[in-house]
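Inspection log for the structure reproduced underneath, given as structure tokens.
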Amino acid sequence: MDNDEFVLLLNNCKNSIERFIYYKMPNKYDAEDILQEVLITGYKSFDKLKSKEKFKSWMLSIAANKCNDYYRNRLKVLEIPIDNIYYYEKSYSRAGITVKDAVDDTLENLRDQDKKILTMHYIKGMDQKSIASMLNIPVGTVKSRLYTARQNFKEIYPYPPDMKGECIMKNSSFPQIMPEITITKSNLEEFEIKCEQDIGWFIIPRLGEESSFATYDFDNYPTMKKSSETTVKVIGKAIIHGVECVEIEEQEVGIDGSTYGFTMFERLTDTHLQTIAAIYYSNGIKKISTFLDDDFLSFWGFGENNCGEELLQKRKGTIECNEKGELSKEHIDTHNSDIVGRYLVKIGNKEYDTIRQIYFNSHNELVENYINTEGKVVLFRRFNRFDWRYKKGYDQLWTDMFPYSDRIILNGDIYVHWYNCLPIYVI
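Taking the numbering used here, I'd label the letters of the sequence shown as residues 32 to 458.
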């Protein structure tokens with residue numbers, strides 16, 4: 032056996048194997064034991080692998096088997112029938128494409144013949160020949176029925192593409208102009224609070240949860256005007272690479288009625304909130320990114336081995352704040368966050384006692400989140416480093432584009448206030 036070749040191939044995918052096992056195991060100690068078993072088994076069986084190009088998938092299959100063995104042994108101890116676990120997997124493994132509520136409602140209002148043939152063709156993906164065979168009718172009849180069903184669907188579909196966003200914005204609970212906001216530093220000590228929200232999206236990844244928020248941009252300083260509204264909803268359970276989570280649908284509607292959306296998959300542990308996967312569009316192409324992808328941590332993950340965002344929000348002392356309010360951090364990670372100060376936040380006529388969470392990343396983006404005593408984010412403020420994406424989409428420095436907006440100094444660099452997000456529960 033070529034030891035060097037095994038080590039070389041392993042180094043290229045070890046992070047993915049570790050992430051897979053750490054997600055599957057209930058604790059770090061068992062995960063480390065399983066990882067050692069996987070590496071030993073892979074090393075001993077390496078000669079049996081015929082195609083070295085499949086090394087990563089082969090090692091992941093060994094890891095999956097070891098994890099399954101671990102849980103089988105636990106089930107035997109607990110005297111839980113194995114069949115129950117198989118049933119559970121089958122019941123909650125449907126993730127991916129989802130049918131929008133508006134489409135479901137429209138289908139329900141169609142006559143049975145139209146509903147049946149549209150469901151077979153567009154949702155189940157059956158071709159016309161297969162439909163003809165199943166319904167025992169000619170292919171020509173299938174074509175004519177599909178045409179009629181499509182026309183009937185178009186006539187009653189509740190949200191024409193050019194009107195859906197406008198309808199939502201017209202029926203909005205969010206004001207066009209952002210309420211006046213004041214942020215006053217408190218002399219009281221920071222409190223600790225458990226926050227189960229995905230802080231950037233104001234949503235708890237738990238079945239039945241939903242939320243909405245509005246984004247406000249500078250119109251004529253200091254006035255900030257609503258530019259979009261976003262609804263966020265947990266729509267069901269999912270399993271990604273064997274990890275149980277929930278599917279979260281995000282839909283943003285611009286002031287002009289344009290829409291944009293993507294899907295996240297997240298889960299809560301006893302101590303952390305983890306993002307498992309995301310489905311989004313880039314340059315018109317649908318992309319699916321999961322925690323096993325090498326670049327996942329840069330954009331979606333958080334923490335070592337994507338352990339997630341800590342639920343308990345408290346000062347860790349990793350981000351320092353001097354008397355001038357300037358921030359500093361000695362070692363910059365891909366994602367960085369800490370609690371820095373206690374503040375009284377007033378939004379319109381409502382006041383909130385909050386702690387200020389500072390988050391910034393290696394992409395030169397910074398966010399202030401103000402978390403209240405109930406563990407909810409009441410205000411999200413986005414900042415960019417003065418040269419963020421300069422000459423890569425923006426022709427001016429942010430200090431020139433927004434000469435009057437608030438500044439934050441981080442490690443000597445200027446970060447410029449760009450926009451705010453307000454959740455529905457503060458309006």
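Think of the CB as a built atom: it goes at the ideal place given N, C-alpha and C, for glycine as much as any other residue.
Using a C-beta cut-off of 8 angstroms, the stretch 220 to 237 makes contact with the stretch 267 to 282, since at least three inter-stretch Cβ pairs fall below that distance. In this chain, the beta strand (DSSP E) harbouring M255 covers T254 to I271. Of all C-beta pairs linking the stretch 217 to 228 to the stretch 331 to 348, three or more are shorter than 8 angstroms, placing the two stretches in contact. Restricting attention to K79, F411, T246 and V38, the CA atom closest to the CA of I389 is found in F411. If you look at F37, you'll find it in the alpha helix (DSSP H) that goes N34 to K55.
For S203, the CB contacts under 7 angstroms within the same chain, skipping 5 residues up- and downstream, are E260 in chain order. Close CB contacts of A163 within its chain, under the 8 angstroms cut and outside five residues either way in sequence, are with P169, V170, T172 and V173 (chain order). Sequence-distant partners of T262 (beyond 5 residues in either direction) whose C-beta falls short of 6 angstroms from its own C-beta, in its chain, are S243 and Q282. Secondary structure of D143 (DSSP, three-state): helix. Rounded to whole angstroms, the gap between the alpha carbons of M56 and N99 is 10 angstroms.
In the three-state reduction of the DSSP assignment, M209 falls in the coil class, being assigned neither a helical nor a strand state. Residue pairing by DSSP places L358 opposite C352 and L441 in a beta bridge. Of the candidates Q427, K79 and S258, S258 places its Cα closest to the Cα of T290. In the structure shown, C452 falls within a strand segment according to DSSP collapsed to helix, strand and coil. One alpha carbon belongs to L428, the other to Q144, and they sit about 59 angstroms apart. In the displayed model, K81 falls within coil according to three-state DSSP, outside both helix and strand.
Straight across, the Cα-Cα distance linking Y102 with D418 is about 50 angstroms. 8 angstroms or more divides the Cβ of T349 from the Cβ of N392. L219 counts as exposed, since fewer than 16 other beta carbons sit within 10 angstroms of its beta carbon. In this structure, I370 sits near K345, with a CB-CB distance shorter than 8 angstroms.
C276 sits in a strand when the DSSP states are folded into three classes. When C-alpha distances from G231 are compared across F333, I71, N140 and Q207, the shortest belongs to F333. Excluding the 5 residues flanking it on each side, Y53 has same chain C-beta neighbours closer than 6 angstroms at A62 and N336, in chain order. Excluding its 5 nearest sequence neighbours in each direction, L323 has C-beta neighbours in its own chain below 7 angstroms: S47, R50, F51 and H272, listed in chain order.
CA-CA distance, G424 to R416, rounds to 14 angstroms.
Secondary structure of Q427 (DSSP, three-state): coil.
CA-CA distance, T254 to F414, rounds to 17 angstroms. In the structure shown, the three-state DSSP call for R298 is strand. Secondary-structure assignment with DSSP links D248 through a beta bridge to K256 and Y450. Going by DSSP, K345 is part of no alpha helix (DSSP H) at all; its letter is neither H nor E. As computed with DSSP, S368 is found in a beta bridge with Y390.
Closest in alpha carbon position to N353, among Y401, I440 and N167, is I440. Scanning its chain for C-beta atoms nearer than 8 angstroms, with the 5 sequence neighbours on each side dropped, one finds around R298 the residues P236, V274, E275, C276, V277, L304, Q305 and I307, in chain order. Residues L149 of the same chain have their beta carbon placed closer than 8 angstroms to that of R181, with the five preceding and five following residues left out of the count.
For the pair F293 and I310, the CB atoms are nearer than the 8 angstroms cut-off. Look at R420 here: in three-state DSSP terms it is coil, with no helix or strand label.
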